[in-house]
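Chains A and B supply the protein sequences, listed in that same order.
Just add 63 to wherever you are in the first sequence, counting from 1, and you've got the numbering used here.
Just add 328 to wherever you are in the second sequence, counting from 1, and you've got the numbering used here.
No residue lacks a Cβ here, since even glycine has one placed at the ideal position from N, Cα and C.
To keep things clear, I will list the structure first and then write my remarks on it.
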Amino acid sequence: DAGITQSPRYKITETGRQVTLMCHQTWSHSYMFWYRQDLGHGLRLIYYSAAADITDKGEVPDGYVVSRSKTENFPLTLESATRSQTSVYFCASKASGVTGELFFGEGSRLTVL
Amino acid sequence: QKEVEQDPGPLSVPEGAIVSLNCTYSNSAFQYFMWYRQYSRKGPELLMYTYSSGNKEDGRFTAQVDKSSKYISLFIRDSQPSDSATYLCAMGRNDAGNNRKLIWGLGTSLAVNP
Chain A
64 DAGITQSPRY KITETGRQVT LMCHQTWSHS YMFWYRQDLG HGLRLIYYSA AADITDKGEV
124 PDGYVVSRSK TENFPLTLES ATRSQTSVYF CASKASGVTG ELFFGEGSRL TVL
Chain B
329 QKEVEQDPGP LSVPEGAIVS LNCTYSNSAF QYFMWYRQYS RKGPELLMYT YSSGNKEDGR
389 FTAQVDKSSK YISLFIRDSQ PSDSATYLCA MGRNDAGNNR KLIWGLGTSL AVNP
């Protein structure tokens, strides 16, 4: 299917566990992003990537790791999950040269107990 | 003070009403402005995109930008129950190093009642 897909859609884990959220896009967009969305804070940028092997920190990167070995994939790893990382995570992509328009996945709802 | 302020609502209107959603911002360097719509348990999707001051119309939706007042609006005419969603404003700068960093409002929750 064309588009941007995230997995898993729902995940419950325990404090201290490692969790990886997957993101895959079929458009060959250059840019990819990870946001978290929390009540009272809105969308906050965690990490973004301008191309394969190029990543950079966003507004709230602490506790997260990303990689981008292939253009179409941009996994987000929580190395040691904390309760404060309970959130809805959105992956997004954007074509190079097209200002601003992001295409979002459906989100991954993570609960850390 | 946040760079972008948006009243989170919730806003509840009867079907057929005209809805006005607003955002104010403080950074005069913002050059493009967007409205995203987000249905419950879905990702945001782009609704309207404007570069300049003035109005842009698309069907029942009109986006308005007033750069002198640092104020943007989204108007929905003849609102429908299917318009019930959260509406997020976003804005950004079109210069090197900043064109990938959007600043988001918190979103306004809208319910259109049949």
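Candidates B:L339, B:E331, B:V393 and B:Y353, of which the one nearest B:P409 by Cα: B:L339
So, with DSSP's three-state summary, where would you put B:Q366? Strand, per DSSP.
Would you mind sorting A:A114 into buried or exposed? The rule is 16 or more other CB atoms within 10 Å of its CB. exposed
Taking C-beta to C-beta, are A:S156 and A:W90 nearer than 8 angstroms? yes
Give me whichever residues DSSP pairs with B:Q408 in a beta bridge. DSSP lists no partner for B:Q408.
Going by the DSSP bridge assignment, what does B:E373 pair with across the sheet? In DSSP, B:E373 forms a bridge with B:R365.
Looking at chain A, is there any beta carbon in it that lies within less than 8 angstroms of the beta carbon of B:K384? no
Skipping 5 residues on each side, what residues in its chain have a beta carbon closer than 6 angstroms to that of A:Q88? I67, E135 and S156
From B:S437 to B:I404, what does the alpha carbon distance come to, in whole angstroms? Across the structure, B:S437 and B:I404 are spaced so that their CA atoms are roughly 14 angstroms apart.
Tell me the DSSP bridge mates of A:H87? A:T68 and A:N136
Option nearest A:P124 by Cα separation, candidates A:E77, A:L141 and A:S132: A:L141
Relative to the C-alpha of B:S368, which candidate in A:G170, A:G79, A:L176 and A:I75 has its C-alpha closest? A:G170
So, at 8 angstroms on beta carbons, what are the nonlocal neighbours of A:S93 in its own chain, with the 5 sequence-adjacent residues on each side left out? A113, A114, T134, K157, A158 and S159
Other residues of its chain near A:T83: CB distance less than 6 angstroms, five sequence neighbours each side excluded: When the five nearest sequence neighbours on each side are left out, the beta carbons in the same chain lying within less than 6 angstroms of the beta carbon of A:T83 are those of P138 and T140, in order along the chain.
With distances taken between CB atoms, is the gap from A:T149 to A:T78 smaller than 8 angstroms? Going by C-beta atoms, A:T149 is not nearer than 8 angstroms to A:T78.
Spatial neighbours of B:S381 within its chain, please: CB distance less than 7 angstroms, with the 5 preceding and 5 following residues excluded, ordered by chain position. Only V393, D394 and K395 meet the Cβ criterion.
Which stretch, first to last residue, makes up the beta strand (DSSP E) that contains B:Q392? F389 to D394 is the span of the beta strand (DSSP E), which, as asked, contains B:Q392.
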